[in-house]
Amino acid sequence: MTTADSDAVETPARRSPGRPRVPFERIVTTALRIIDEEGADALSMRTLAQRLETGTAVLYRAVANRAELIAHVVDSVLGEIEIDDTPAGDWQRACVTAAEAIFAVLHRHRGIAPLLIEQVPIGPNSLVLRERVLTTLLANGFPPESAALVYATLARYVVGFAAQLQGHDTEANINPATITTLYRQLDPVRFPATIAVSDCLPRQTLESEFRFGLQLLVAGLVPLHDAVAGAAGSA
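The sequence shown begins at 1087 in my numbering and counts up one residue at a time.
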């Protein structure tokens, strides 16, 4: 065997070092950008890899799968929520403030709410948000079971409205004058109520409906709070 042959046998082939790692924060922010621009359905590991100019193998070194990636994206968004302090004892204002803060962030990232319907968020930011609201409810006399139900109801209310925001632009898609004219032309025998509110109905937006319903929801909690607080006081 020649010296050249010997070298060919003894020297192992060099392996490619592979693509460099991508900072995890950049992976999450780029995934969120895709969701913001195109919706959650547009997010795939391949699409994300193309945006990052890397390979899917690099992404799978950072997360196990798409579901884990989405969990990190959702928690990152929840970390943007800033809830203003409210006076001690004003639990109604605290509930409204928290709900409005969550809605504002989901309004900004309209593709996230549908993902919150699919999974229960348990990331660090989600845990802190949940803890803060539950602490307020417990501190204001709600027993654990009621506090849990109130928090869940508020969260689902916010997410339900926010889920309708994706692809929705009231000002661009609805001409109030056109809808009002249509309502006024309805048969007054069959649709007298619709005609009666024809000037008001088209002017409503998801945002105004959200705020109106939130006030009603929180006001409806007052009898529950007073009942459990009264029972605790007489025990």
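The beta-carbon is built from N, C-alpha and C at its ideal position, and this holds for glycine as well.
As the structure is a prediction and not an experimental result, all values here were calculated from the model.
Interface flag, residue i vs chain D, CB-CB below 8 Å
| i | result |
| --- | --- |
| residue 1288 | In the structure shown, chain D cannot be found, because there is only a single protein chain. |
Reference residue i; option with closest CA among the options
| i | options | result |
| --- | --- | --- |
| residue 1174 | 1227, 1207, 1128 and 1188 | 1227 |
| residue 1131 | 1247, 1114 and 1169 | 1114 |
| residue 1265 | 1298, 1283 and 1202 | 1283 |
| residue 1211 | 1143, 1170 and 1159 | 1159 |
| residue 1156 | 1127, 1304 and 1285 | 1127 |
Residues near residue i in its chain [Cβ-Cβ closer than 6 Å; skip 5 each side]
| i | result |
| --- | --- |
| residue 1352 | In the structure displayed, the chain extends from 1087 to 1321; residue 1352 sits before or after that span and is not available. |
| residue 1262 | 1288 and 1289 |
| residue 1166 | 1191 |
Whole-angstrom distance between residue j and residue i, CA atom to CA atom
| i | j | result |
| --- | --- | --- |
| residue 1148 | residue 1197 | 23 Å |
| residue 1308 | residue 1295 | 21 Å |
| residue 1168 | residue 1215 | 9 Å |
| residue 1161 | residue 1209 | 6 Å |
| residue 1230 | residue 1310 | 13 Å |
| residue 1314 | residue 1188 | 27 Å |
| residue 1250 | residue 1154 | 24 Å |
| residue 1243 | residue 1133 | 32 Å |
| residue 1109 | residue 1146 | 13 Å |
| residue 1204 | residue 1232 | 24 Å |
| residue 1122 | residue 1298 | 27 Å |
Whole-angstrom C-beta distance between residue j and residue i, which should lie under 8 Å
| i | j | result |
| --- | --- | --- |
| residue 1219 | residue 1300 | That pair is no contact at about 14 Å. |
| residue 1223 | residue 1237 | 7 Å |
| residue 1202 | residue 1245 | 5 Å |
| residue 1235 | residue 1207 | About 18 Å separates the two Cβ atoms, so there is no contact after all. |
Contacting residues, own chain, Cβ-Cβ under 8 Å from residue i (five flanking each side not counted)
| i | result |
| --- | --- |
| residue 1252 | 1125, 1196, 1197, 1199 and 1200 |
| residue 1137 | 1116, 1119 and 1120 |
7 Å CB neighbourhood of residue i in its chain, flanking five on each side removed
| i | result |
| --- | --- |
| residue 1306 | none |
| residue 1281 | 1269, 1270, 1272 and 1274 |
| residue 1106 | none |
| residue 1285 | 1266 |
| residue 1258 | At residue 1258 the pLDDT is 48, less than 50, meaning the model places this residue with poor confidence; the figure from the coordinates comes in the next sentence. The answer is none, since no qualifying residue turns up. |
| residue 1304 | 1178, 1181 and 1182 |
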